[in-house]
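Let me begin by presenting the structure, written as C-alpha cells, before commenting on it.
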Amino acid sequence: MRTVRLTGTDVLIKTGSPHLEVPLNQRRSTVIAISALLAATFAPVVTSTSAFAAPLPAFAAAEPNQVTGLSVTQADGFATVAWTPVEGATDYQIERTAVDASNAPTGTPMVVGVWRPNRQINNEEPTFADAGFNPGSRFQWRVRARIGTAEQPYSAPIFDTTKAPWGDPAVAGQNLRTQWETTQAAQYTSDANEYAYTAEVDRLSERVRVVEIGRTVQNRPINMFVIGYPTPPATPAAVAATSPLAVNCNVHGNEPGDREACLIMARQLAFSDDARTLGLLKNTTVLIVPTINGDGRAANTRGNVTGQDLNRDYSLIRQPETAAYVRMLRDYRPVAGYDGHEYGNSQAGDLPMLPPRHQNVAQQIFDESLDMIENHMYVEGAKDGWWACPYGCANGSGVGLSEETILRNTLGLKNTVNSLLELRSSGGATRPDEGNTANNRRRKTFSALWTFNQFMDYHHNQLTDIRKARGEAIEFQAGNNGRIVFRGSRVIPLHPAPHPGEAGPREDLPTPDMILDDAPCAYKLTEAQYNGARTDGPNDIGATVAERIAAHGWKVVKVADGYVVPLAQPERGLIPLLLDEQGEEEWVSGERVYPTLTGRHNGPLTISGFACLEGATVNGPVNLRPGATLVATNTTISGPVNAFNAAGVFFGDSTVRGPLQVANTNGPVTVIGTSVSGPVNLVNNTNGAAPYFAGNSVSGPLNCSGNSVAPTNLEVRNVVNGPRAGQCSTL
Amino acid sequence: MRTRLLATVVVAALALTGCTADSSTTAVSGPLCDELPKGDEPGNPTALASEPVDEALRWITVLTTFEGAMRASELVPELEGKKAITVLAPSDDAFAAKFSQDNLDELMIKDKDTLRTLLRAHIVDRALSLADLRDTDSITTLDGTKVKVGEADKMARIGDEATTVCADYRIANGRVHVINHVLGNLPTTAGQGDSGH
Numbered sequence: 001m002r003t004v005r006l007t008g009t010d011v012l013i014k015t016g017s018p019h020l021e022v023p024l025n026q027r028r029s030t031v032i033a034i035s036a037l038l039a040a041t042f043a044p045v046v047t048s049t050s051a052f053a054a055p056l057p058a059f060a061a062a063e064p065n066q067v068t069g070l071s072v073t074q075a076d077g078f079a080t081v082a083w084t085p086v087e088g089a090t091d092y093q094i095e096r097t098a099v100d101a102s103n104a105p106t107g108t109p110m111v112v113g114v115w116r117p118n119r120q121i122n123n124e125e126p127t128f129a130d131a132g133f134n135p136g137s138r139f140q141w142r143v144r145a146r147i148g149t150a151e152q153p154y155s156a157p158i159f160d161t162t163k164a165p166w167g168d169p170a171v172a173g174q175n176l177r178t179q180w181e182t183t184q185a186a187q188y189t190s191d192a193n194e195y196a197y198t199a200e201v202d203r204l205s206e207r208v209r210v211v212e213i214g215r216t217v218q219n220r221p222i223n224m225f226v227i228g229y230p231t232p233p234a235t236p237a238a239v240a241a242t243s244p245l246a247v248n249c250n251v252h253g254n255e256p257g258d259r260e261a262c263l264i265m266a267r268q269l270a271f272s273d274d275a276r277t278l279g280l281l282k283n284t285t286v287l288i289v290p291t292i293n294g295d296g297r298a299a300n301t302r303g304n305v306t307g308q309d310l311n312r313d314y315s316l317i318r319q320p321e322t323a324a325y326v327r328m329l330r331d332y333r334p335v336a337g338y339d340g341h342e343y344g345n346s347q348a349g350d351l352p353m354l355p356p357r358h359q360n361v362a363q364q365i366f367d368e369s370l371d372m373i374e375n376h377m378y379v380e381g382a383k384d385g386w387w388a389c390p391y392g393c394a395n396g397s398g399v400g401l402s403e404e405t406i407l408r409n410t411l412g413l414k415n416t417v418n419s420l421l422e423l424r425s426s427g428g429a430t431r432p433d434e435g436n437t438a439n440n441r442r443r444k445t446f447s448a449l450w451t452f453n454q455f456m457d458y459h460h461n462q463l464t465d466i467r468k469a470r471g472e473a474i475e476f477q478a479g480n481n482g483r484i485v486f487r488g489s490r491v492i493p494l495h496p497a498p499h500p501g502e503a504g505p506r507e508d509l510p511t512p513d514m515i516l517d518d519a520p521c522a523y524k525l526t527e528a529q530y531n532g533a534r535t536d537g538p539n540d541i542g543a544t545v546a547e548r549i550a551a552h553g554w555k556v557v558k559v560a561d562g563y564v565v566p567l568a569q570p571e572r573g574l575i576p577l578l579l580d581e582q583g584e585e586e587w588v589s590g591e592r593v594y595p596t597l598t599g600r601h602n603g604p605l606t607i608s609g610f611a612c613l614e615g616a617t618v619n620g621p622v623n624l625r626p627g628a629t630l631v632a633t634n635t636t637i638s639g640p641v642n643a644f645n646a647a648g649v650f651f652g653d654s655t656v657r658g659p660l661q662v663a664n665t666n667g668p669v670t671v672i673g674t675s676v677s678g679p680v681n682l683v684n685n686t687n688g689a690a691p692y693f694a695g696n697s698v699s700g701p702l703n704c705s706g707n708s709v710a711p712t713n714l715e716v717r718n719v720v721n722g723p724r725a726g727q728c729s730t731l
Numbered sequence: 001m002r003t004r005l006l007a008t009v010v011v012a013a014l015a016l017t018g019c020t021a022d023s024s025t026t027a028v029s030g031p032l033c034d035e036l037p038k039g040d041e042p043g044n045p046t047a048l049a050s051e052p053v054d055e056a057l058r059w060i061t062v063l064t065t066f067e068g069a070m071r072a073s074e075l076v077p078e079l080e081g082k083k084a085i086t087v088l089a090p091s092d093d094a095f096a097a098k099f100s101q102d103n104l105d106e107l108m109i110k111d112k113d114t115l116r117t118l119l120r121a122h123i124v125d126r127a128l129s130l131a132d133l134r135d136t137d138s139i140t141t142l143d144g145t146k147v148k149v150g151e152a153d154k155m156a157r158i159g160d161e162a163t164t165v166c167a168d169y170r171i172a173n174g175r176v177h178v179i180n181h182v183l184g185n186l187p188t189t190a191g192q193g194d195s196g197h
C-alpha cells in the first residue's frame with residue numbers, strides 16, 4: 001500500500017476499507033481521511049454523530065471551507081493530525097471522540113487542540129500532535145477551520161486506534177512498565193519503582209549498564225543509563241571516545257514529566273531491534289540520568305532537600321547532586337545534551353527550547369545549538385505537530401538568561417551543544433485546561449519522548465558538525481585572549497516569517513560591570529582559598545574549591561605560594577566566573593595573573609617561575625627550568641621548546657617552529673590548537689590527570705610514553721605528518 | 001445499531017455526572033471529576049473509599065502539591081487517628097496561583113510550622129459530604145478558623161473564593177473534596193521572584 005494524501009474533494013484511490021493503514025516505518029502508521037462518500041458507505045455510525053457534525057453531503061464536493069485531506073499518524077503516545085489548509089482560516093480546532101471497535105462513540109466529542117499559525121514554520125502543511133489519551137485507545141478525529149470566530153464545517157472523520165505503550169507484553173524486557181504506565185499516569189514513578197525498573201532494564205539488556213554517578217543529600221542513588229550496541233563501552237573514557245549524548249531528565253523535583261519519558265526511552269533503547277535504534281546505538285552511547293534530584297522528586301519540591309534550586313548550582317556545585325553531574329560530564333564528555341523541565345505558562349507552546357546563551361560560550365557551540373533547535377526541532381516539529389515556539393513563547397521572555405549556574409549555560413561553557421526543554425504544564429487557549437490530570441501528564445511526557453528521540457536523531461545525523469563545533473570551540477577557548485563576560489547573553493533573533501515573530505527570548509546583554517576587557521592569563525589562589533573549609537553546602541559543609549575544580553576537570557599548577565589556574569584550557573569561559581571577584585556568583589576572589597610577555601623577544605628565553613606569553617613572538621629557543629610554568633596563547637616561538645621537570649605547560653592557539661619536548665612535568669600539560677614544526681615528545685609526565693593534546697598540527701612524529709595517565713585528544717583529532725607512537729598512537 | 005448507540009450515549013452521560021445508581025461504586029461530583037481517575041481506572045473513587053487519607057491523596061492526580069505538603073507537615077498520623085475528617089484539598093493549579101515556587105519550597109522544607117497551620121486550615125474534624133457543605137453556613141477548620149460555606153451552583157462554596165471542583169471522595173475516615181483556591185491567611189506570592197527554568 002502507499003500513502004495517499006487526499007485533497008480537494010477527497011477522491012479516494014484505494015477502496016474496500018473504511019480506512020487505510022499505511023506503515024511509514026516501523027514506528028508509525030498513517031490513516032488517511034475517507035471521503036464523505038466512503039464514510040457514508042462503510043462507516044454508517046458516522047451519521048449517528050451528526051449532532052456534532054456538519055451535514056455530510058453524500059455525493060457532493062466538500063462544503064465551502066470544509067477541511068479536507070485529513071490524515072492521522074500514530075506515534076508513541078501521540079497522534080499527528082494533518083490536513084490541507086483552508087484559504088483564509090484564522091485557526092483550526094482539532095476534535096477527538098472516544099469510539100469503540102465499531103466506531104460508535106463512547107465519549108463526548110472534545111476539542112483537544114487549537115492550531116494557530118504560530119505553531120509551526122510551515123503553514124502550508126498544518127499538523128497537530130494530539131496527546132493526552134491513554135495509549136492504545138481508539139478515537140475519531142475531525143478538524144474544522146475558523147475564520148475569525150466563525151466555525152466552518154468539520155472535515156470527514158478518521159477513526160484509528162492509537163499505539164499501545166511501547167513493548168511487547170510477551171517479550172522479556174520489552175514488557176517492563178513503570179509505575180506511571182501501570183497506573184495510567186495517575187501516579188508518577190516512585191523512587192523505589194524507578195530503582196527496580198532500572199535494575200531490570202540493566203539486568204535484561206546487554207546494551208545497558210547502569211552506573212551510580214553519585215548520591216543525593218539524603219543518600220538516594222543518582223543512576224545513569226549508559227546505553228550502547230552491542231554493549232556500552234567499558235570505561236568512561238571509552239564512552240567519551242564515542243561522542244556520547246546526555247539527557248538530564250529531572251532536576252526540579254516537582255517537574256516530573258521528562259523523567260517518565262526518559263524511563264520509557266531507556267526501555268526502547270534497551271530492547272528495540274528496529275534499524276533506527278540499532279543504527280543510533282552502533283555509533284554512539286546514550287547517557288540518561290533519570291533523576292538527579294531524587295530527594296526533591298520524592299518530596300515534590302523544586303529544590304533539593306536543602307531547598308537549593310539545583311539548576312542554579314551547576315557551576316558552583318555546592319550540592320552533591322550537581323557535583324555528581326559535573327564529574328560525569330568531566331569523565332564521559334558528552335558532545336550534546338538536553339535538560340528537561342516543565343513550564344507553567346498557559347500561553348507558551350508545548351515545548352519551549354533554548355540554546356546556551358552566555359556570551360562566554362563559544363560561538364560555534366551557540367550556533368550549533370541554535371541549529372539543532374531551529375533547523376531540526378522546528379522542522380521536525382512542523383512535520384509531527386509539536387509546538388516548540390518557533391516564533392517565541394508569549395510571556396516566556398522572562399526566562400532563559402545567562403546564569404552560568406544553569407545547566408544549559410554550564411554545558412555550553414563546557415563546549416557541549418545543548419538545549420533546555422520545557423514541557424508546558426498548563427492548559428490555555430490552545431488546549432484543554434485540565435490541570436494536573438493524567439491526560440495532561442501524558443501530553444508532557446510524550447512530547448518529551450518525542451523531543452529526546454529527535455535529539456538522538458539530530459545527534460546521529462549531525463555528529464560530524466557537532467564534533468567540528470566542539471573541536472573548534474575547545475581550540476577557541478584554549479587560545480582565547482579576548483574579553484571576559486561574567487553575565488550577559490547572546491541575542492537570539494526571532495525566527496523569520498511566515499508568522500511574525502512574537503516574543504523571543506529577552507535581550508540580556510551584559511552590563512558594563514559584567515565585562516572585563518583586559519582579561520588575565522590565569523588566576524592565583526591562596527592555600528586558604530584553594531583548600532580552605534567552606535560552608536556553602538548542605539548542613540553548612542561545602543566541598544573545597546580544590547575538590548570543585550577537580551570535579552570540573554580544570555588544570556591547576558601548584559606554585560610556591562599558592563595555586564595557579566591558567567585560562568588556556570577548554571573551559572576558559574567558565575573559570576573566571578568562579579574565580580574572579582567581578583563574577584556574579586564566584587567561589588573566591590582569585591588574584592588576576594596578567595601576561596608576562598606580549599611583544600617580541602629576540603634570543604633564547606629561559607623561564608623560571610611563572611611565565612605567560614600572550615600574543616608574543618619569541619625568536620629563539622624556550623627552555624623551562626625545573627619547577628617553571630609556561631602558559632602560551634596566540635604566541636609564535638621560532639626555536640625548540642624544552643620543558644624538563646616543569647610544574648606546568650600550557651599551549652593554546654600557538655606556533656612552535658621547532659621541536660616540542662615536555663618531559664617529567666609534575667603538573668598539568670595541555671597543548672591545544674597549536675602548530676608544531678618538528679617532533680613532539682610528551683614523556684614521563686606524572687600529573688595525576690591526562691595531558692591534553694588536542695586539535696594540533698604536527699609536522700613530524702608524535703611520541704608519548706611513560707606518562708602516568710595516557711594523553712587524551714578530547715575527541716579533537718590532531719593532524720600529524722609523522723608517525724604517532726606510544727600513548728599517542730590513536731590521537 | 002442505532003439502539004445500541006443510544007444506550008452507549010446514555011451510559012456515557014451518567015458516567016459523566018457520576019450519578020451512577022450502582023451502590024457499589026462511589027459517586028463523586030464536580031466539573032473536574034471526569035478528568036480524574038474514574039470507572040475501573042487505577043485510583044478511581046471507589047478504589048479509594050477505604051484507603052487512609054495519605055494513600056488516597058496519592059491517587060488524586062491534581063493534588064500532588066497538597067499531598068507532598070501533607071507528608072512534609074507530618075500531620076498524617078494525627079489525621080489518621082481521628083474518627084472522622086473532611087479534607088478540603090486545593091488543586092495543584094490552586095497552589096500555583098497562590099504561592100511562588102520559592103515560597104512553596106520554603107514552606108515545605110524550612111517553615112514547617114507555617115505549613116502545618118496552612119494545612120490545618122483545610123481540614124475539618126468531622127465528615128462532611130458535599131450536601132452537608134451546601135446545607136451548612138459555616139465550618140471550623142483545625143486551625144480554629146471559622147469559614148463560611150454554602151451553595152455555589154451544584155457545588156459548595158468554601159470561604160470567599162473557593163468552590164469544590166470534584167467533591168465527595170470517600171476515604172477510610174471521612175471525605176476529600178478538591179477545591180480550586182488555597183484557604184488560610186498566608187499572603188499570595190505567585191508570580192513573585194520565580195526565575196523560571
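Protein sequences, first through last, are from chains A and B.
Everything in the first sequence is counted per the numbering used here, starting at 1 for the first residue and increasing by one.
Everything in the second sequence is counted per the numbering used here, starting at 1 for the first residue and increasing by one.
Using N, Cα and C, we set each Cβ at its ideal position, and we do this for glycine too.
All values derive from a computational prediction rather than experimental measurement.
Simplified DSSP state of residue i, which is helix, strand or coil
{"i": "A:Pro-621", "result": "coil"}
{"i": "B:Thr-117", "result": "helix"}
{"i": "A:Gln-454", "result": "helix"}
{"i": "A:Lys-163", "result": "coil"}
{"i": "A:Cys-262", "result": "helix"}
{"i": "A:Phe-133", "result": "coil"}
{"i": "A:Ala-388", "result": "coil"}
Min CB distance residue i to chain B below 8 Å
{"i": "A:Val-716", "result": "no"}
{"i": "A:Asn-481", "result": "no"}
{"i": "A:Val-217", "result": "no"}
{"i": "A:Ala-438", "result": "yes"}
{"i": "A:Val-680", "result": "no"}
{"i": "A:Glu-21", "result": "Because A:Glu-21 carries a pLDDT of 34, less than 50, the predicted location of this residue cannot be relied on, and the following value inherits that uncertainty. Cβ-Cβ to chain B under 8 Å: no for A:Glu-21."}
In DSSP terms, what residue i is bridged to
{"i": "A:Val-379", "result": "Answer is none; A:Val-379 lacks a bridge partner."}
{"i": "A:Ala-145", "result": "A:Tyr-92"}
{"i": "A:His-341", "result": "A:Glu-422"}
{"i": "A:Lys-813", "result": "No information on residue 813 of chain A is available, as it lies outside the stretch 1 to 731 that chain A covers here."}
{"i": "A:Val-201", "result": "None, per the DSSP bridge assignment."}
{"i": "A:Leu-516", "result": "A:Ile-484"}
Outcome for residue i when other beta-carbon atoms lying within 10 angstroms are tallied against a minimum of 16
{"i": "A:Ile-541", "result": "exposed"}
{"i": "A:Gly-777", "result": "What the structure shows of chain A is the stretch from 1 to 731, and residue 777 of chain A is not part of that stretch, so it cannot be assessed."}
{"i": "A:Leu-714", "result": "buried"}
Segment limits, alpha helix (DSSP H) that includes residue i
{"i": "A:Asn-409", "result": "407 to 413"}
Minimum Cβ-Cβ distance from residue i to chain A less than 8 Å
{"i": "B:Ile-229", "result": "No information on residue 229 of chain B is available, as it lies outside the stretch 1 to 197 that chain B covers here."}
{"i": "B:Thr-65", "result": "yes"}
{"i": "B:Thr-192", "result": "Correcting the residue identity first, residue 192 of chain B is Gln in this sequence and not Thr. No, its Cβ sits nowhere closer than 8 Å to a Cβ of chain A."}
{"i": "B:Gly-68", "result": "yes"}
{"i": "B:Val-62", "result": "yes"}
{"i": "B:Leu-32", "result": "yes"}
{"i": "B:Pro-52", "result": "no"}
{"i": "B:Ala-72", "result": "yes"}
{"i": "B:Ser-91", "result": "yes"}
The ligand COA heavy atom lying under 7 Å from the CB of residue i
{"i": "A:Met-514", "result": "The model on display carries no ligand, and the ligand COA is accordingly not part of it."}
Bounding residues of the beta strand (DSSP E) (the contiguous stretch that carries residue i)
{"i": "B:Phe-99", "result": "Looking at the DSSP string, B:Phe-99 is not in any beta strand (DSSP E), and its letter there is neither H nor E."}
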